[in-house]
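Heads up, the thing below is written out as structure tokens.
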Amino acid sequence: LVESDSAFDQKSLRIIANLAHAEWDSIAAVANDSLFAAVAETPYAARLEGLAQLEAWRTALGEVTYEAFNVRGAYNQGSQSHVAYVFSRWKTSQLNDNDQFMIFTVAWSPQGKLTGIAMFNTGWPRDSIRPIRPTRRPEQFHFYSATRIGSDSAAKKAMDFTEAIYRNVLRPQQALLA
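Everything in the sequence shown is counted per the numbering used here, starting at 1032 for the first residue and increasing by one.
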């Protein structure tokens, strides 16, 4: 595994933003014929495949407020495929306005087709003092690290800070900035 092409990172950011805003045509336009989806949280949605599962899951959420935090990608030289991890925060009335910290794994074929989306989530801390700031682009997020060759340390630092914000223990992490 080596650092990913930043174009795939940007495509991954757009796909997850489009998912948050239920913009299905743009997802379908880049999806492979056999898209793997693993986002289902109900038995009904788990039986569905690909775009149908994504739509069933997203539709059940209702109105969504979405904030992108970061994206990190990797390129698999053996399979010539790209995988990106999109870090984000989602808020929806269907979740009783409890924010969710979500990480999406987005996989791309060598031909540039979307082949898979998987999601991991956990509740955002209720005592967090950081308000949600809806945005599709993470560049304004204070610990965003752009993809570039040799930026592994920046990626690790960004993930550490994102975790610190999630756990509401930011002060110890701020000392590492100096």
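Every residue, glycine too, gets a C-beta built ideally from N, C-alpha and C.
**Report entry** N- and C-terminal bounds of the beta strand (DSSP E) containing Thr-1073
**Finding:** Unbroken run through Thr-1073: none, as it is neither H nor E.
Contiguous alpha helix (DSSP H) assignments of at least 4 residues, all confined to the stretch 1034-1098:
Taking 4 residues as the shortest admissible run, the stretch 1034-1098 contains the following complete alpha helix (DSSP H) segments, listed from N- to C-terminal end: 1037-1051, 1055-1061, 1074-1078 and 1081-1092.
Report task. With DSSP as the reference, please indicate the residues paired to Thr-1136 in a beta bridge. Result -> Residue pairing for Thr-1136: DSSP places it in a beta bridge opposite Tyr-1116 and Ala-1149.
Give the straight-line distance between the Cα atoms of Asp-1158 and Glu-1034, rounded to the nearest whole angstrom.
-> Using only the alpha carbons, I get a separation of about 35 Å.
CA nearest to the CA of Trp-1055, picked from Phe-1039, Ala-1076 and Gly-1081 | Of the residues Phe-1039, Ala-1076 and Gly-1081, the one whose Cα lies closest to the Cα of Trp-1055 is Gly-1081.
Discussion item. Using the three-state DSSP reduction, which class does Gln-1142 fall into: helix, strand or coil?
Written reply: Shown here, Gln-1142 sits in coil according to DSSP, grouped into three states, outside any helix or strand.
*Do the stretch 1138-1157 and the stretch 1093-1103 make contact, defined as three or more Cβ pairs closer than 8 Å?*
Taking 8 Å as the limit for Cβ pairs, the verdict is that the stretch 1093-1103 does not touch the stretch 1138-1157.
Give the secondary structure of Gln-1125 by DSSP, where H, G and I count as helix, E and B as strand, and everything else as coil.
Three-state DSSP puts Gln-1125 in a helix.
- Query: Should Tyr-1116 and Thr-1136 be called a contact, given that it needs their Cβ atoms to be closer than 8 Å?
  - Reply: Their beta carbons are under 8 Å apart, which means Tyr-1116 touches Thr-1136 by this criterion.
Query raised in the report: What is the DSSP secondary structure of Arg-1103, reduced to helix, strand or coil?
Result: Here Arg-1103 sits in strand by DSSP.
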